[in-house]
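Sequential numbering from 1 applies to the sequence shown in this note's numbering.
Structure first, commentary second.
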Amino acid sequence: MKSYKILTVCLGNICRSPAAQGILEHIAAQNELFLEIDSAGTAAYHVGNPPDSRSIKTLQRAGIDISQQKARQVTSADFNKFDWILAMDRANLANLKKIQPENNRAKLVMFGEFNRQSAFGEVADPYYGGDEGFETMRLHLNEISEAFVHYLQTKTED
Ligand code: 4NP
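Set out below in structure tokens:
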């Protein structure tokens with residue numbers, strides 16, 4: 001059976017990437033695809049904290065519990081621990097490229113690349129907005145996660 005190690009990455013690791021982890025775990029399980037998933041932030045502001053309460057509540061309403069996750073900062077070592085590193089926006093991608101070692105294991109991409117409807121492949125940061133931004137984020141992550149799981153299940157090369 002195919003299995004992959006995946007790291008989702010945003011800025012603070014409290015809004016988008018923990019939600020992406022929870023949603024990907026949920027959709028992978030529904031599709032009987034084995035994914036080992038973690039999340040991290042490019043910044044250290046919230047290290048050790050649980051996800052933002054608005055992300056926890058929004059996902060809880062969809063039956064996904066992310067309350068036990070703890071924020072951490074991404075490291076160069078992550079590039080040799082994971083098969084895929086999925087950036088939520090272009091600033092995250094640029095910051096990840098700065099610490100990416102040469103000849104590393106991971107494929108570093110914008111997560112939104114897997115869904116053609118996402119503008120510039122970005123998942124908008126809901127942190128400074130209202131609650132509705134978190135539901136928009138959830139729906140967007142859901143679409144991208146469905147497309148990514150489908151991609152992993154149907155791709156032939158490794
Ligand atoms: P995230 O959202 O990158 O999706 O976790 C943010 C969380 C915290 C901050 C910015 C974005 N912050 O500036 O503290």
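Beta carbons are placed, not taken as given, at the ideal position from N, Cα and C, and that holds for glycine.
Can you check the stretch 53-105 for any beta strand (DSSP E) of at least 3 residues that lies completely inside it and give the ranges in chain order?
-> 84-87
Which of helix, strand or coil DSSP assigns to Asp125 = coil
Report back the beta-carbon spacing between Ile14 and Ala71 to the nearest angstrom; my notes put them in contact at under 8 Å.
-> 5 Å
By a C-beta neighbour count over all protein chains shown, 10 Å radius and 16 as the cutoff for buried, is Pro101 buried or exposed?
-> exposed
Quick one: Cα of Ser17 to Cα of Glu36, how far?
-> 14 Å
Cβ neighbour criterion (16 or more within 10 Å) applied to Phe134 | buried
Helix, strand or coil at Val9 [DSSP, three-state] = strand
Where Phe114 and Ala77 are concerned, what is the direct C-alpha to C-alpha distance, given to the nearest angstrom?
-> 25 Å
From the DSSP output, in three-state form, read off Glu32 for me.
-> coil
Got a sec: does ligand 1 put a non-hydrogen atom nearer than 7 Å to the Cβ of Asn13?
-> yes
Short Cβ contact (8 Å threshold) for Pro51 with Ile64 | no
With distances taken Cα to Cα, identify the nearest neighbour of Leu108 among Glu122, Gln153, Ile99, Trp84.
-> Trp84
Which term fits Ile56, buried or exposed, when burial requires 16 or more other beta carbons within 10 angstroms of its beta carbon?
-> buried
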